[in-house]
Every structure is written in C-alpha cells, then in structure tokens.
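Engineer: Below is one structure. I have some questions about it.
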Amino acid sequence: MTTEGPEPDDPDSPAASADETAEDLLPESEVQTLLAAQEAQAQERFLRLAAEYDNFKRRTAKEREEWSGRALDAFLSDLLPVLDSFERALAARATDPAAAASGLEVTDRQLRSVLAKHGVAAVDPAGAAFDPRLHEAISGEATDRAAAGTVLAVHEKGYTHEGRLLRAARVHVAAPKEKA
Numbered sequence: 065m066t067t068e069g070p071e072p073d074d075p076d077s078p079a080a081s082a083d084e085t086a087e088d089l090l091p092e093s094e095v096q097t098l099l100a101a102q103e104a105q106a107q108e109r110f111l112r113l114a115a116e117y118d119n120f121k122r123r124t125a126k127e128r129e130e131w132s133g134r135a136l137d138a139f140l141s142d143l144l145p146v147l148d149s150f151e152r153a154l155a156a157r158a159t160d161p162a163a164a165a166s167g168l169e170v171t172d173r174q175l176r177s178v179l180a181k182h183g184v185a186a187v188d189p190a191g192a193a194f195d196p197r198l199h200e201a202i203s204g205e206a207t208d209r210a211a212a213g214t215v216l217a218v219h220e221k222g223y224t225h226e227g228r229l230l231r232a233a234r235v236h237v238a239a240p241k242e243k244a
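Counting in the working numbering, the sequence shown runs from 65 upward without gaps.
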C-alpha cells in the first residue's frame, strides 16, 4: 500500500502538530506575564545564591583564621618550656658556668624537638652536591679537595616545613681549580 503523505489522524504528522500547537498557544500578554514571573524567580534565586556564596566565603575565611590561630597557639605553647630552660641557663651562667652550658644543651635539644614536632627539618648539605633549589652559594673556592659543585662548608643551615623550603642553606661551594 502506497501513501502519498501522512495520515491526518496520525499524531506524529507535521500537519497534526501544527494544528495542536496553534490551539495550545497562549495570548501574547499571558506569555509576557509568565516570562516576567520566571525572570523574577530566576533573579531571586540568583540573589539568594550570591548571598549564600558570600556567607560561605566569610565563614570559611573566619574558620581558616581560627584554625591558623589555634595552630600558632599550639606551636607557641610548645616553645614556652624551651624559653624557661633558656632563662634558667642564662641565670646559671654567673654562678655555675658548667650548669649553664649543660642547660644550653638541654635547651637546644628541646627546641629541635619542638621544631621537629611541628614539621620543621634542617637542611644541612655539608659534603653534598650544590642544589640551587635548597642552597644559596655565598662563596666559592677553587680546590682539588672536592669535586666542583660540592658544598665545602655550611654557614647557615636551611630549614623546610613539611617539605616546603623556609630558608635556603647558605653554603661555601667548591669550584674547579684553574690550571696555570
């Protein structure tokens, strides 16, 4: 059976769709009213979301500041016994120099322990190859004692905090010896 076109009673036919669409159309004024209402709802939703986002930013900034303050308080609380030991060593230096020296050694161990507890590690590159990411060369020496680029002496240790460099080690580096 051959058909020349879609059946008029077929709901998928273009002719049937056009007729139904024409019947379902709203008057222009009602369309404008609906669009204005939807726009007002979208604007209100946008303003509410913007206010919620601003509140979220303020709240997270406040929480970050409080967390940072608590972390600093914990670190400083751990340093107070070190300060006490240091004060005792200074007080003992006039009456008992040996006790003062011993007190300074105790204070040094305490301080290093507190720093390690808080993720601070020393960078002591003596004898290692110079690494510009971790070391700052403050001088060089042409020598046969070590290979060129080797750290000969450490003037100031470097320090890292949880893998991030706080301060580069200041070092004296071997340079190749020039031939006469």
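All residues carry an ideal CB built from backbone N, CA and C; glycine is no exception.
Assuming His199 and Ala217 are in contact, meaning their beta carbons sit under 8 Å apart, how far apart are those beta carbons, in whole angstroms?
Structural biologist: Not a contact, Cβ separation roughly 12 Å.
Engineer: From the DSSP output, which residues share a beta bridge with Arg231?
Structural biologist: The partner list for Arg231 (beta bridge, DSSP) reads Tyr223.
Engineer: So, at 8 Å on beta carbons, what are the nonlocal neighbours of Arg157 in its own chain, with the 5 sequence-adjacent residues on each side left out?
Structural biologist: Cβ neighbours of Arg157 beyond the five flanking positions: Ala164.
Engineer: On the three-state DSSP scale, how would you describe Thr214?
Structural biologist: Correct three-state label for Thr214: strand.
Engineer: Given a cut-off of 8 Å on the beta-carbon distance, is the pair Ala185 and Thr171 in contact?
Structural biologist: No; because the gap between Cβ atoms is not below 8 Å, this pair is not in contact.
Engineer: Leaving aside the five residues before and after Leu230 along the sequence, list all residues of the same chain whose C-beta is less than 8 Å from its C-beta, in chain order.
Structural biologist: So the list reads Val184, Gly222, Tyr223, Thr224, once near-sequence residues are dropped.
Engineer: Whose C-beta lies closer than 6 Å to the C-beta of Gly213 among residues of the same chain, with five residues either side of it excluded?
Structural biologist: The residues are Ala193, Phe194.
Engineer: Taking Glu200 as part of the alpha helix (DSSP H), name the residues at either end of that continuous run.
Structural biologist: Careful: Glu200 lies outside any alpha helix (DSSP H), inside the beta strand (DSSP E) at 199 to 206.
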